[in-house]
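Structure first, commentary second.
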Amino acid sequence: AAPVGGSVQRLLSWRPLVALGDMSYSVYLIHWPVFVLFMAQFDRARLGLRGGTILIAASLAFAWFMTRFVDQPAQRYPRTGRIVLKKTMVVLVSLAVGLVPLVSTDIVLDRRRAAQLSAALGGTGDPDHPGAAAILSQGPQDFSAEPIPGPLAVGESWIPDLPAPCPPGQQELFGETETLCSSMPASNAGRPRIVIVGDSHIEQMITPVALTLASRHDLDLSQYLMGGCSFGQPEYYDGECRIRNEVVLDLLAEDPPDVVMLSTTAAVPGSPDEALRPGVRELAEQLSSLGIIVIGFRDNPRSTKDLYECSSERPSGTPFGGCSFPQDTHLARIDPAVELLMIPQFHQIDPTDLYCVDGECYTIIGNIFVYLDDNHISGPYALTMAPILADRVEPLLGL
18 AAPVGGSVQR LLSWRPLVAL GDMSYSVYLI HWPVFVLFMA QFDRARLGLR GGTILIAASL
78 AFAWFMTRFV DQPAQRYPRT GRIVLKKTMV VLVSLAVGLV PLVSTDIVLD RRRAAQLSAA
138 LGGTGDPDHP GAAAILSQGP QDFSAEPIPG PLAVGESWIP DLPAPCPPGQ QELFGETETL
198 CSSMPASNAG RPRIVIVGDS HIEQMITPVA LTLASRHDLD LSQYLMGGCS FGQPEYYDGE
258 CRIRNEVVLD LLAEDPPDVV MLSTTAAVPG SPDEALRPGV RELAEQLSSL GIIVIGFRDN
318 PRSTKDLYEC SSERPSGTPF GGCSFPQDTH LARIDPAVEL LMIPQFHQID PTDLYCVDGE
378 CYTIIGNIFV YLDDNHISGP YALTMAPILA DRVEPLLGL
């Protein structure tokens, strides 16, 4: 074939492009860890021109270093028996380049979750991301910051288990079931006990509230969770869920706590057909007969679409953004658990006003995504709800 001539040849032989070609593989290896670590550290969903340019420059600098001091020496290394060692070093460096961002991102996310939990329990928050507090706030607020959690963090925005293991002698009672049993003992013996039982909605909504109460009043917490398993009278459930409910009921009967927290209603995706959870009425009556205070929580709206992915738009000057949908198409007009208020020592908490305002529900409030998928409240938003809901629970418990 005839040689390529003219401007194309001059462009391809331009020294900066030749140098870029020489280190192209290093650029390929290096650039994504740089971008991933930066976006995870600062919880960014996108980059502006300035930030992108800086990261590209940093990637090129790291790639030059790797080419100059790793790749080129390996290529020039004499063909002796020691080349095996050199190749091994190159492989290890390449693996490190891939693994470091993965491990580092996990560390960053763990630290962020710990910081968010600490801020919530300490009664402080991020002024750029007030979440539910923005609904109650008076005066001007700035919502120009990027909403959280970002796309790299959303999968990690589940509320963690309580910090201590299952109370002694209890874990084996659950056998092979997938019961997540954890606890947080009070600092002093004889403090009031709260038991939390339910599914992943309980984990996201009620656990932060209980943690906030425990932090304020030195309470003893125990928690029994199973995905997709509501807490109700066992005969309404099957399989592992029935076993979990039977075991927990036996534990509560043997040593009644002061308070049990649970979810009372179940919303239907994209429908107002919200109803009481199976067996919850009979359960509340039984717990009440044991002298236990029952704090029920209404379910949050559920959707047929991913409420995190639907939109990240935020009109200026308002705490509300993302997608919006009518409250009366996703929740019952009246909380179904109102009928349980006739049961002695039963109290119902309805957090709907922290998702929906004036009949409209939003997926971004106070610069925080409210949902992490189509039906679960995100951890960061739940932590901003916790102090507000704890304030509502305290008078019911005489705290």
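Residue numbers (this note's numbering): 18 to 416. Virtual Cβ for every residue (Gly too), placed ideally from N, Cα, C.
(request) Could you round the C-beta distance between Pro343 and Gly383 to whole angstroms and report it? I think they count as a contact, below 8 angstroms. (result) The Cβ separation is near 21 angstroms, so there is no contact.
(request) Could you name the residues of the same chain whose beta carbon sits closer than 6 angstroms to that of Cys378, not counting the 5 residues immediately before and after it, in chain order? (result) Pro318, Phe342, Gln344, Tyr372
(request) Look up Asp237 in the DSSP assignment and give the residues it is bridged to. (result) Arg210
(request) Could you please give the first and the last residue of the uninterrupted beta strand (DSSP E) stretch that includes Glu356? (result) Careful: Glu356 lies outside any beta strand (DSSP E) and carries neither H nor E.
(request) Excluding the 5 residues preceding and the 5 following Ala149 in the sequence, name in chain order all residues of the same chain whose CB lies nearer than 7 angstroms to its CB. (result) Leu371, Ile382, Gly383, Tyr398, Thr401, Met402, Ile405
(message) Counting beta carbon pairs with one atom in the segment 252-263 and one in the segment 171-188, are three or more of them shorter than 8 angstroms?
(response) no
(request) Within 10 angstroms of the Cβ of Gly338, are there 16 or more other Cβ atoms? Answer buried if so, exposed if not. (result) buried
(request) Measure the CB-CB distance between Pro166 and Glu173 and report whether it falls below 9 angstroms. (result) yes
(request) Quick one: residues in its chain with C-beta nearer than 7 angstroms to the C-beta of His234, no 5 flanking neighbours on either side, listed in chain order? (result) Leu416
(message) Determine whether the beta carbon atoms of Phe363 and Met222 lie at a separation below 9 angstroms.
(response) no
(message) Any contact between the segment 260-267 and the segment 321-333? By contact I mean 3 or more CB pairs, one from each, below 8 angstroms.
(response) no
(request) Just confirm the distance between the C-beta atoms of Leu348 and Pro289, as a whole number of angstroms; I'd bet it's less than 8 angstroms. (result) 6 angstroms
(message) I'd like the span of the alpha helix (DSSP H) that includes Asp290, first residue to last.
(response) Unbroken run through Asp290 is the beta strand (DSSP E), 288-293; no alpha helix (DSSP H).
(request) State yes or no: is the C-beta of Val276 within less than 9 angstroms of the C-beta of Ile211? (result) yes
(request) Let me know the alpha helix (DSSP H) ranges lying completely inside the segment 258-328, each 4 residues or longer, listed in chain order. (result) 297-306
(message) Let's test the definition: count the other Cβ atoms within 10 Å of the Cβ of Leu153 and tell me whether it reaches 16, buried, or not, exposed.
(response) exposed
(message) Ser239 and Ser204 - do their beta-carbons sit closer together than 9 angstroms?
(response) no
(message) I need the straight-line Cα distance from Asp391 to Gly287, nearest angstrom please.
(response) 10 angstroms
(message) How far does the alpha helix (DSSP H) with Glu411 in it extend, from its first residue to its last?
(response) 396-414
(request) May I ask you to report which of helix, strand or coil DSSP gives His146? (result) coil
(message) Can you check which of these residues, Leu236, Leu242, Asp375, is closest to Ser8 by C-alpha distance?
(response) Nothing can be reported for residue 8, as the shown portion of the chain is limited to 18 through 416.
(message) Contact defined as beta carbons within less than 8 angstroms: I believe Val387 pairs with Val226. What is the distance between those atoms, to the nearest angstrom?
(response) 16 angstroms between Cβ atoms; not a contact.
(message) Quick check: the Cα distance between Gly249 and Ala78, rounded to an integer number of angstroms?
(response) 60 angstroms
(message) Less than 9 angstroms between the C-beta atoms of Asp272 and Glu291, yes or no?
(response) no
(request) May I ask you to report which of helix, strand or coil DSSP gives Met222? (result) helix
(request) Might you give, ordered along the chain, the residues of its own chain that have their beta carbon closer than 8 angstroms to the beta carbon of Asp145, omitting 5 neighbours on each side? (result) Asp159, Ala162, Asn384
(message) One question on the structure: do Leu414 and Ile260 come within less than 9 angstroms of each other, judged by their Cβ atoms?
(response) no
(request) Quick one: give me the first and last residue of the beta strand (DSSP E) that Leu190 is part of. (result) Premise fails: Leu190 is in no beta strand (DSSP E) and is neither H nor E.
(request) Tell me whether Glu377 sits in a helix, a strand or coil according to DSSP, three-state version. (result) strand
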